[in-house]
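Residue numbers are given in full-length UniProt numbering: position 62 of the sequence shown equals residue 62, and the series is strictly consecutive.
Virtual Cβ for every residue (Gly too), placed ideally from N, Cα, C.
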Amino acid sequence: MAKVSMIERQKKREKLVARYAAKRAALKQIALNDDLPMEERFKARLKLAKLPRNSSATRLNNRCQVSGRPKAYYRKLKMSRIALRDLASRGEIPGMVKSSW
1 MAKVSMIERQ KKREKLVARY AAKRAALKQI ALNDDLPMEE RFKARLKLAK LPRNSSATRL
61 NNRCQVSGRP KAYYRKLKMS RIALRDLASR GEIPGMVKSS W
């Protein structure tokens with residue numbers, strides 16, 4: 001189990017990303033538009049820099065929904081390999097059986 005503080009920090013980041021996504025996208029579009037004058041693009045960059053750091057989507061980290069583990073994460077299942085193995089061995093994932101040969 002991951003530290004509760006790390007899981008809560010991740011949740012806080014997810015909320016910030018959701019709140020500032022539209023504003024961040026609009027400012028990025030202005031900043032990358034070559035048709036606009038340089039001053040206007042520079043102002044957009046400054047406004048973008050004043051937004052909270054944790055509102056950037058690149059600061060998010062994939063974490064297991066079950067245990068909060070940040071490593072060995074399967075994107076398709078949204079859980080770590082360890083949590084997947086535990087649930088599968090208990091028979092809680094339909095259609096998944098432990099392989100043996």
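Checklist entry - Is SER56 helix, strand or coil when you go by DSSP? => result coil
Next on the checklist: Let me confirm a value: LEU16 is counted as buried when at least 16 other C-beta atoms fall within 10 Å, else exposed. Which label applies?
Outcome noted: buried
Item to check | Buried/exposed call for ARG13, threshold 16 Cβ in 10 Å | outcome: buried
Checklist entry - Excluding the five sequence neighbours on either side, which residues of its own chain have a C-beta within less than 7 angstroms of the C-beta of LYS43, listed in chain order? => result none
Item to check | Residue range of the alpha helix (DSSP H) that includes ASP34 | outcome: Where ASP34 is concerned, there is no enclosing alpha helix (DSSP H), given that its DSSP letter is neither H nor E.
Checklist entry - What number of angstroms, rounded off, separates the C-alpha of ARG63 from the C-alpha of ALA21? => result 20 angstroms
Next on the checklist: Assuming contact is defined by CB atoms lying nearer than 8 angstroms, are ARG24 and LEU48 in contact in what I supplied?
Outcome noted: Between ARG24 and LEU48, the gap from beta carbon to beta carbon is short of 8 angstroms.
Next on the checklist: I need the boundaries of the alpha helix (DSSP H) containing residue 102, first residue and last residue.
Outcome noted: No answer is possible for residue 102: the residues shown for the chain start at 1 and end at 101.
Checklist entry - Can you name, in chain order, every residue of its own chain whose Cβ lies under 8 angstroms from the Cβ of ASN33, other than the five neighbours on each side? => result ARG41
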